[in-house]
Amino acid sequence: MSLRLLPRTAAISLRRCPRIFQSPWSTTVAHAYCRPISQQSSGTGQPLAATKLRPLDGITVVSLEHAVAAPFCTRQLADLGARVIKVERPGVGDFARAYDSRVNGLASHFVWLNRSKESLALDLKNAEHMKVLMALLDKADVLVQNLAPGASARLGLSYEALKVKNPGLVVCDISGFGDSGPYRDKKSYDLLVQSEAGLLSVTGSENEVAKVGISIADISAGMYAYTNILAALMQRQKTGSGCRLDISMLESMMEWMSFPLYYSYEGAPPPQRAGASHATIYPYGPFPTGGGEAVTLGVQNEREWHNFCESVLEKPDLSKDARFASNSLRVQNREELKQIIDDTFQPFSAAEVRAKLDKASIANATVNTMRDVWNHPQLRARGRWAQVDTPKGRIPALTPPGVATVAQARMDAVPALGEHTASILEELGFNTGTV
Numbered sequence: 043m044s045l046r047l048l049p050r051t052a053a054i055s056l057r058r059c060p061r062i063f064q065s066p067w068s069t070t071v072a073h074a075y076c077r078p079i080s081q082q083s084s085g086t087g088q089p090l091a092a093t094k095l096r097p098l099d100g101i102t103v104v105s106l107e108h109a110v111a112a113p114f115c116t117r118q119l120a121d122l123g124a125r126v127i128k129v130e131r132p133g134v135g136d137f138a139r140a141y142d143s144r145v146n147g148l149a150s151h152f153v154w155l156n157r158s159k160e161s162l163a164l165d166l167k168n169a170e171h172m173k174v175l176m177a178l179l180d181k182a183d184v185l186v187q188n189l190a191p192g193a194s195a196r197l198g199l200s201y202e203a204l205k206v207k208n209p210g211l212v213v214c215d216i217s218g219f220g221d222s223g224p225y226r227d228k229k230s231y232d233l234l235v236q237s238e239a240g241l242l243s244v245t246g247s248e249n250e251v252a253k254v255g256i257s258i259a260d261i262s263a264g265m266y267a268y269t270n271i272l273a274a275l276m277q278r279q280k281t282g283s284g285c286r287l288d289i290s291m292l293e294s295m296m297e298w299m300s301f302p303l304y305y306s307y308e309g310a311p312p313p314q315r316a317g318a319s320h321a322t323i324y325p326y327g328p329f330p331t332g333g334g335e336a337v338t339l340g341v342q343n344e345r346e347w348h349n350f351c352e353s354v355l356e357k358p359d360l361s362k363d364a365r366f367a368s369n370s371l372r373v374q375n376r377e378e379l380k381q382i383i384d385d386t387f388q389p390f391s392a393a394e395v396r397a398k399l400d401k402a403s404i405a406n407a408t409v410n411t412m413r414d415v416w417n418h419p420q421l422r423a424r425g426r427w428a429q430v431d432t433p434k435g436r437i438p439a440l441t442p443p444g445v446a447t448v449a450q451a452r453m454d455a456v457p458a459l460g461e462h463t464a465s466i467l468e469e470l471g472f473n474t475g476t477v
């Protein structure tokens with residue numbers, strides 16, 4: 043019984059998008075934004091080569107995963123060429139499959155996080171199914187899991203147990219709070235970690251806290267799991283040995299919370315919640331215009347402040363106003379300054395304000411909706427839309443961030459539940475009729 047680790051070096055063809063979209067902006071994406079690999083830019087003006095070896099070709103990752111943190115990590119590994127075998131509960135699967143049905147009947151989280159993976163349906167309470175999993179792990183390079191606290195150890199899947207047969211295995215355990223300390227066994231979800239990390243306390247309006255609009259604690263843990271796994275694989279090349287990685291959502295989030303933490307050093311007041319504006323830099327945030335749209339702008343230093351007053355507001359004396367003589371004073375007197383900016387922008391449309399800001403070299407942005415982002419001209423110009431297959435047809439997908447000239451990211455299908463079970467059992471030498 044052996045697991046064949048077959049490098050996936052075949053070229054992936056990202057074909058021109060068919061007309062599968064129901065909304066007018068998605069149709070534009072389908073017809074204009076999705077381009078074949080040969081036409082996608084490398085960032086240097088040259089097309090990407092679709093046949094180059096990917097960095098993680100030949101690496102096999104087994105993942106006992108659900109929701110966001112672990113799937114985010116393993117999808118990044120799959121993008122780089124790793125073979126990712128996603129172990130799911132028979133009949134149910136990753137519970138993120140049922141979060142919603144917004145993408146042709148599929149869940150938005152699931153299609154985002156699970157392309158290029160193989161789905162293996164196993165009941166981990168079934169002894170025969172556990173034999174399949176252990177056979178996989180005997181030959182795998184990486185195990186990732188974000189099961190409930192203590193679950194993997196109870197299943198005999200600790201690093202100490204697994205390294206006996208596979209000393210090169212990298213085991214990455216993702217949990218809310220890590221495997222020690224008083225919160226070790228505490229159940230956690232993204233919003234709970236946002237709360238524990240203090241993120242809610244610095245996010246929102248003056249009168250009400252707010253959660254971040256994405257699963258930021260899950261994503262941070264997934265990102266640190268991903269980078270730690272890459273480092274562990276590099277270390278294994280030097281030592282021949284695997285290792286155990288203990289990734290905590292709280293600790294991952296705290297790294298990203300270091301600015302407000304240090305801002306509050308030795309009991310100093312924390313950054314004040316300021317809605318969509320920056321708490322400690324001003325003006326830096328959205329401002330309404332006469333057309334009903336808002337424009338986001340950022341003034342980061344005194345040179346920009348003088349330029350903003352003179353060339354955009356056309357109030358050169360404002361730069362000498364004692365109330366606004368430094369960033370700290372502008373933050374302190376933000377309401378007065380906001381009123382001046384709002385009044386000045388009122389006669390102009392958002393496009394006119396952005397033109398003024400661009401001419402003055404003041405950084406600015408459009409306050410886009412999701413509908414706007416589907417048609418974003420920068421994503422279109424850089425060829426960042428491709429397509430992936432799903433059980434419900436092909437859908438648009440953003441190519442991974444970072445354009446490399448050495449390899450093309452893999453963008454294979456989003457799997458159906460248990461889609462690869464039979465082929466993996468056959469590969470391992472198991473009889474599909476008896477397992």
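First residue of the sequence shown: 43, per my numbering; consecutive thereafter. Don't be surprised by glycine CBs; every beta carbon is placed ideally from N, CA and C. Please read all numbers here as calculations on a predicted model, not as lab measurements.
DSSP puts residue i in a beta bridge; with which residues?
i           : result
residue 362 : In DSSP, residue 362 forms no bridge with anything.
residue 215 : 187, 288
residue 406 : 339
residue 327 : 339
residue 311 : Answer by DSSP bridge pairing: none, since residue 311 is not bridged.
residue 103 : 126, 184
residue 354 : BP columns for residue 354 are empty, so no partner.
residue 160 : 127
Buried or exposed, going by whether 16 or more other CB atoms sit within 10 Å of the CB of residue i?
i           : result
residue 248 : exposed
residue 28  : Here the chain covers residues 43 to 477 and nothing more, so residue 28 does not appear.
residue 206 : exposed
residue 238 : buried
residue 410 : exposed
residue 188 : buried
residue 453 : buried
residue 301 : exposed
residue 457 : buried
residue 291 : buried
residue 159 : buried
I think residue i touches residue j, with their Cβ atoms under 8 Å apart; what is that distance to the nearest whole Å?
i           : j           : result
residue 134 : residue 104 : The Cβ separation is near 19 Å, so there is no contact.
residue 216 : residue 112 : 5 Å
residue 157 : residue 149 : 13 Å between Cβ atoms; not a contact.
residue 174 : residue 459 : Not a contact, Cβ separation roughly 16 Å.
residue 178 : residue 470 : 7 Å
residue 366 : residue 375 : 6 Å
residue 328 : residue 321 : Rounded, the Cβ-Cβ distance is 14 Å, inconsistent with contact.
residue 340 : residue 405 : 5 Å
residue 153 : residue 432 : 6 Å
Measuring only the C-alpha atoms, how far is residue i from residue j?
i           : j           : result
residue 319 : residue 293 : 26 Å
residue 212 : residue 306 : 38 Å
residue 423 : residue 444 : 15 Å
residue 465 : residue 283 : 29 Å
residue 70  : residue 308 : Reliability fails at residue 70, whose pLDDT of 40 lies under 50, so the model's placement of it is uncertain and the value that follows must be treated cautiously. Rounded to the nearest angstrom, the two C-alpha atoms are 53 Å apart.
residue 89  : residue 439 : Any reading at residue 89 must be qualified, since the residue scores a pLDDT of 40, below 50, and its modelled position is unreliable; the value itself is stated next. The straight-line gap from Cα to Cα measures roughly 19 Å.
residue 358 : residue 336 : 23 Å
residue 446 : residue 97  : 11 Å
residue 287 : residue 275 : 12 Å
residue 169 : residue 417 : 50 Å
residue 151 : residue 351 : 44 Å
residue 442 : residue 451 : 7 Å
residue 209 : residue 304 : 41 Å
residue 171 : residue 109 : 22 Å
residue 120 : residue 449 : 13 Å
residue 226 : residue 461 : 35 Å
**Item:** Runs of beta strand (DSSP E) wholly within the region 387 to 471 (minimum 3 residues, chain order)
**Value:** 405 to 408, 427 to 430, 437 to 440
**Request:** Go through the region 107 to 153 residue by residue and report every complete run of the beta strand (DSSP E) that reaches 3 residues or more, in order.
**Result:** 125 to 130
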